[in-house]
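Protein chains in written order, with this note's numbering: chain A, 5 to 577; chain B, 91 to 290. Each residue gets a CB set at the ideal place from its N, CA and C atoms; glycine is no exception. Bear in mind that the values here come from a model prediction, so they are computed numbers and not experimental data.
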């Protein structure tokens, strides 16, 4: 055996997973548990569970600017700064420096990234909702985008499977619009929220107010504890990383499960630039990797099956950069759909106000969760002048010292007053579906490159008329429901300056479909014409629903991993 | 991806409803140019100014049965925040207000006169904010972009004093009640008379 053959053998695995976030973690776990030797590549640095969560237990006073964004950070984290919170001192270390990782905008897109082991599984909002039957049928019914090649029933058993492992707390409600799942006990509502629920549900037929379904262990099961996970401690410091492993992340859940098999190799600092495609064999053979700490250090790794889970935009970027005789316009891009139909959820619209009463009531603990109002528009007999719908996330709470800035006066009495809990307030923030539009897209810059020689991403996307019409309802309905709940001084808001991306739910750009002519991926998340490459992150989404997407990525990934292993057994890949 | 959505409203909710609007504008809009950053980085109080700011902070949040602004070193905090986190125009509006107090011999007048001077400064800030709000809305209605002026002195002073005090170790743990690891969530409990708010 010559040296080259030996080196190639050492760089060869059964499967390569690109990315270590929510979907990458699931791919690695499933493939490793089914007996494959798995290489997981992560472009960013390693973040070790607990020990690398460097701000997790700090008091607010221990941050130089008490959490606020200083001028230099504002400049360097320019995209993060647009969100109003991701650049904050407490968790900035887990978000990307935008100056070092630049991108371009023909039309604005707020691209918020987490390049490190665990990706945004450490940073997500943890809200976990199933899609419903209609979500998968809407494109076909309305003639928008292209039809999903799967239906709810295809995914339902996989929702069961991932919910159980991840640990989702929530209440069973028996709603078609928001199917129930395998839940741990729900978190409690506070006094004001319980009253709002009663008022809203009694005054509006078909509307429900429920506690958020969230990926926190409210009652860990043995298999959670065995991975080192503990119950939620209600600190509400989740985005700093959870030292209790109480919320689902790669580090708390899928990574230890994958490592337990002895089948996983994890290599951080590895930027995948392209998939290597063998025209003669008609399949992918591996990936090319740039060392993020040394752009000149390029390696190749080989495997029978490759999962792209780099998050929507980077996974599609890899496909775009993977050109061969068979795939001259990028891998699986016969349809010219690669990079198109970027979707997000649109938000920054709703209402808030002051709740009267409950002066003698309070709460204990910091619940990293809120209330949820499932979609009711364009549902059942309701018909609007737009398609699809929206849900609300919100909550109530008592004002804190921050109210003091708007109160006249100062001195001992003033101090005493604002040291005590203030009046109750309540917010309902809309969360709307964005429909697929082929002109909402990104391309790769022909001339501008990053420091690793990768072409810069150029975004060109905006909300359309459907979203704008929907937002009128999102604002007015919120105000109407708060009013019904007896809320006073109602403030309606509709931030029209918001841009796609701000929801940090990038979806689409390598959609699933029924045919290579209308899509990039088939019904099993395989790339058309490169069937041993699977894409199971947000890139695969054919439409967006109005619910948070991560749980659906988990289910799609577990399903695709099962498919890949079966196909390997049948020697079809 | 997160339940945080609608960052502003949610941040406002977490911070207790109404977050200081002008400061939020200062925090949330656009970026400084590198030039501007270089200019603002030179910002510093003289010792007299630091003493004055500390005194004003103490009058806003005095020592009572819990520590006051001086105990929490709010003067240093205000300086650091103005230097690191604010636009040059905010630094200028702050210094202009400070100079007015210096002209009135603030450190030498009686406590009663100090209170009167600050009450007047608060009144002035309130009127200025009202004017700014009207100009902003007029500009918006006319389809023009409005050049936000610096945040008026007393407003900025008060916001930074509250932030500096209530997020300090003393404020967090003594003026408020900080439970680092609550361990559970009880949604609806009785509030004891005089009970302090949770820190966070």
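Kindly identify the DSSP beta-bridge partner or partners of residue i.
i: residue 401(A); result: 429(A)
i: residue 311(A); result: 21(A), 538(A)
i: residue 270(A); result: 44(A)
i: residue 395(A); result: 435(A)
i: residue 109(A); result: 463(A)
i: residue 298(A); result: 295(A)
i: residue 251(A); result: 220(A)
i: residue 347(A); result: 511(A)
i: residue 12(A); result: Its beta-bridge partners do not exist; DSSP assigns none.
i: residue 95(A); result: None; residue 95(A) has no bridge partner.
i: residue 530(A); result: 538(A)
i: residue 303(A); result: 293(A)
i: residue 525(A); result: 516(A), 531(A)
i: residue 214(A); result: 376(A)
For residue i, count the other beta carbons within 10 Å of its own beta carbon; 16 or more makes it buried, fewer makes it exposed. Which is it?
i: residue 174(B); result: buried
i: residue 186(B); result: exposed
i: residue 565(A); result: buried
i: residue 201(B); result: exposed
i: residue 482(A); result: buried
i: residue 502(A); result: buried
i: residue 385(A); result: exposed
i: residue 150(A); result: buried
i: residue 189(B); result: exposed
i: residue 514(A); result: buried
i: residue 55(A); result: exposed
i: residue 136(A); result: buried
i: residue 320(A); result: buried
i: residue 243(A); result: buried
Could you give the first and the last residue of the continuous alpha helix (DSSP H) run that contains residue i?
i: residue 263(A); result: 259–264
i: residue 496(A); result: Per DSSP, residue 496(A) belongs to no alpha helix (DSSP H); it is in the beta strand (DSSP E), 491–498.
i: residue 144(B); result: 137–150
i: residue 448(A); result: Looking at the DSSP string, residue 448(A) is not in any alpha helix (DSSP H); the run it does join, the beta strand (DSSP E), is 445–453.
i: residue 207(B); result: 201–231
i: residue 35(A); result: 26–37
i: residue 195(A); result: 195–207
i: residue 365(A); result: No alpha helix (DSSP H) contains residue 365(A), which is instead part of the beta strand (DSSP E) from 365–368.
i: residue 587(A); result: Any question about residue 587(A) goes unanswered here, given that chain A covers just 5 to 577.
i: residue 82(A); result: 82–85
i: residue 472(A); result: 469–488
i: residue 114(A); result: No alpha helix (DSSP H) contains residue 114(A), which DSSP labels as neither H nor E.
i: residue 156(B); result: Note, residue 156(B): premise wrong, no alpha helix (DSSP H); not H, not E.
Which residue comes first and which comes last in the beta strand (DSSP E) that contains residue i?
i: residue 277(A); result: 274–282
i: residue 287(A); result: 287–295
i: residue 356(A); result: 353–359
i: residue 277(B); result: 276–280
i: residue 461(A); result: 459–464
i: residue 376(A); result: 375–377
Compute the Euclidean distance between the alpha carbons of residue i and residue j, then round it to the nearest angstrom.
i: residue 157(B); j: residue 161(A); result: 58 Å
i: residue 66(A); j: residue 168(A); result: 37 Å
i: residue 157(A); j: residue 527(A); result: 13 Å
i: residue 576(A); j: residue 281(A); result: 17 Å
i: residue 117(B); j: residue 172(B); result: Note that residue 117(B) scores a pLDDT of 41, beneath 50, so its modelled location is shaky and nothing firm can be said.
i: residue 315(A); j: residue 516(A); result: 15 Å
i: residue 2(A); j: residue 129(A); result: The requested residue 2(A) is not part of the displayed model; chain A covers only 5 to 577.
i: residue 118(A); j: residue 371(A); result: 24 Å
i: residue 250(A); j: residue 256(A); result: 8 Å
i: residue 80(A); j: residue 102(A); result: 6 Å
i: residue 556(A); j: residue 134(A); result: 7 Å
i: residue 188(A); j: residue 138(A); result: 26 Å
i: residue 218(A); j: residue 542(A); result: 19 Å
i: residue 21(A); j: residue 340(A); result: 25 Å
i: residue 549(A); j: residue 141(A); result: 11 Å
i: residue 289(A); j: residue 311(A); result: 12 Å
i: residue 462(A); j: residue 24(A); result: 24 Å
i: residue 170(B); j: residue 439(A); result: 46 Å
i: residue 97(A); j: residue 121(A); result: 13 Å
i: residue 243(B); j: residue 393(A); result: 45 Å
i: residue 163(B); j: residue 448(A); result: 51 Å
Which full runs of the beta strand (DSSP E) of 3+ residues lie inside the region 40–77 of chain A, going along the chain? 42–45
Taking only runs that begin and end inside the region 497–523 of chain A, name each unbroken alpha helix (DSSP H) of 4 or more residues, in chain order. none
Where in the region 130–204 of chain A do unbroken runs of the alpha helix (DSSP H), each at least 4 residues long, occur, reported from the N-terminal end onward? 137–146, 156–170
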